[in-house]
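Q: Could you have a look at this structure, given as structure tokens, before my questions?
In full-length UniProt numbering, the protein residues as written are 1 to 361.
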């Protein structure tokens, strides 16, 4: 009796957990609230496959229950053997034809959408002046951060992807070290980034992100890539076309910007002496940097992709980067500062300087 009750307890727990998890979706992260046409198409495909699977389960359960009820021993007797249907041509045709039909219903839209999402010919289209008609972003995945280069605009940023709404945005995906996977759950996609080839696809962004809880959509690495895989996040800021153009202009305006070792700003001095060899503070340029570009660091949503975006978050990252994100290439504090730890004054000044690197304020 107790054993049976334990089984029902487990069933009740799983049922409660299912109900609980059904409310966990957030608009900026959930595939169940798509905010782009690609995501909507994939969501509809998910609904179709779920409906087919549910239909199959219901049919099998009905047949199973009917068989139990109709041929139970109390009804037909202990020694009665029901009529056997083995070799029935009618039944063989039915349970062969139905799965084929269901597979075709699922396969046709799946194959169609797969080829549709891979159609990137418009990426090469030019206007009368020879400028690209579409926005293209070269995405490079690295351990454990993301670089976003806009080749037509001549700018580069990292950790926070900025895109216009209402149009197709094309992506060239590659990895600098190991296999990663680029995924924005609420927008759609999920495409591997490889070291030895470039994958291409497009996404559309229907909604501006400023109305979301954190003001951004969340992006993820969806391929196990190392000890800090779970922390390899990026954020997506979607803007109207005019605001996107302003952002591009502001990024281009940082051309030639550098940190000065002789600056009267202590934070800039510390950065120029300790960080400038890896990090750029100009958004104008090309990709391939050793470390994330910091031109728009003050506009970001997170520090290192997952820490609170604040001066305390910056100081915590500088002092404990290997503990917080194991396997990343950020040097330890003493390696940055000629074998010494930063003083509290230096850390405060450096954090304030980094928070001031902005193209939106």
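C-beta: ideal position from N, C-alpha, C; glycine also.
Could you check what DSSP says for residue 148 in three-state terms: helix, strand or coil?
A: As a first step, residue 148 is located in the chain shown; it is residue number 148 there, counting from the start. Strand at residue 148.
Q: One question on the structure: do residue 239 and residue 144 come within less than 9 Å of each other, judged by their Cβ atoms?
A: Within the chain shown, residue 239 is the residue found at index 239, counting from 1. Within the chain shown, residue 144 is the residue found at index 144, counting from 1. No, Cβ-Cβ distance for residue 239 and residue 144 is not below 9 Å.
Q: Would you report the Cα separation of residue 204 and residue 41, rounded to the nearest angstrom?
A: Translated into positions along the chain shown, residue 204 becomes position 204. Translated into positions along the chain shown, residue 41 becomes position 41. One C-alpha to the other measures close to 11 Å.
Q: Within 10 Å of its beta-carbon, does residue 122 have 16 or more other beta-carbons around it, so buried, or fewer, so exposed?
A: What you label residue 122 is simply residue 122 of the chain shown in a count that begins at 1. Per the 10 Å Cβ criterion, exposed.
Q: Would you report the Cα separation of residue 188 and residue 286, rounded to the nearest angstrom?
A: The residue labelled residue 188 in the question sits at position 188 within the chain shown. The residue labelled residue 286 in the question sits at position 286 within the chain shown. One C-alpha to the other measures close to 27 Å.
Q: Look up residue 358 in the DSSP assignment and say whether it is helix, strand or coil.
A: For the purposes of this step, residue 358 is taken as the residue at position 358 of the chain shown. Correct three-state label for residue 358: coil.
Q: Using CA coordinates, which residue listed in 55, 87 and 73 is at the minimum distance from residue 99?
A: If you number the chain shown from 1, residue 99 lands on position 99. Selected option, being the one with the closest Cα: 55.
Q: Along the alpha helix (DSSP H) that carries residue 164, what are the first and last residues, could you check?
A: On the chain shown, residue 164 is found 164 positions in, with the first residue counted as 1. Per DSSP, residue 164 belongs to no alpha helix (DSSP H); it is in the beta strand (DSSP E), 160-164.
Q: Per the contact definition of three or more C-beta pairs closer than 8 Å, is the stretch 202-217 in contact with the stretch 29-37?
A: Enough Cβ pairs lie closer than 8 Å, so yes.
Q: Assign residue 159 to one of two classes, buried (16 or more other C-beta atoms within 10 Å of its C-beta) or exposed (fewer than that).
A: Mapped onto the chain shown, residue 159 falls at position 159. With 16 or more other Cβ atoms within 10 Å, it is buried.
Q: Starting from the C-beta of residue 194, find all residues in its chain whose C-beta is less than 7 Å away, skip the five residues before and the five after it, and write them out in chain order.
A: Taking the first residue of the chain shown as 1, we reach residue 194 at position 194. Closer than 7 Å at Cβ, skipping near neighbours: 174, 175 and 179.
Q: Which of helix, strand or coil does DSSP assign to residue 232?
A: Locating residue 232 in the chain shown gives position 232, where the first residue counts as 1. Three-state DSSP puts residue 232 in coil, outside helix and strand.
Q: Looking at the unbroken beta strand (DSSP E) that takes in residue 169, where does it start and where does it end?
A: One-based indexing of the chain shown puts residue 169 at position 169. Residue 169 -> beta strand (DSSP E) spans 168-175.
Q: Identify the continuous alpha helix (DSSP H) that holds residue 274 and give its terminal residues.
A: Residue numbering aside, residue 274 sits at position 274 when the chain shown is read from its first letter. Taken as a continuous stretch (DSSP letters only), the alpha helix (DSSP H) holding residue 274 covers 266-274.
Q: For the candidate residues 258, 303, 314 and 349, whose alpha-carbon lies nearest to that of residue 265?
A: Start at 1 with the first residue of the chain shown, and residue 265 comes out as number 265. With distances taken between Cα atoms, residue 265 lies closest to 349.
Q: Among 152, 125 and 131, which has the Cα closest to the Cα of residue 138?
A: Numbered from its first residue, the chain shown carries residue 138 at position 138. When only C-alpha atoms are compared, the closest one is 152.
Q: Per the contact definition of three or more C-beta pairs closer than 8 Å, is the stretch 294-304 in contact with the stretch 270-286?
A: Yes: at least three Cβ pairs fall under 8 Å.
Q: Please determine, among 272, 241, 307 and 290, the residue with the shortest C-alpha to C-alpha distance to residue 168.
A: Taking the first residue of the chain shown as position 1, residue 168 is located at position 168. Among 272, 241, 307 and 290, the Cα nearest to that of residue 168 belongs to 241.
Q: Confirm, please, whether the CB-CB distance from residue 260 to residue 269 is below 9 Å.
A: If you number the chain shown from 1, residue 269 lands on position 269. If you number the chain shown from 1, residue 260 lands on position 260. Yes, the Cβ-Cβ distance between residue 269 and residue 260 is below 9 Å.
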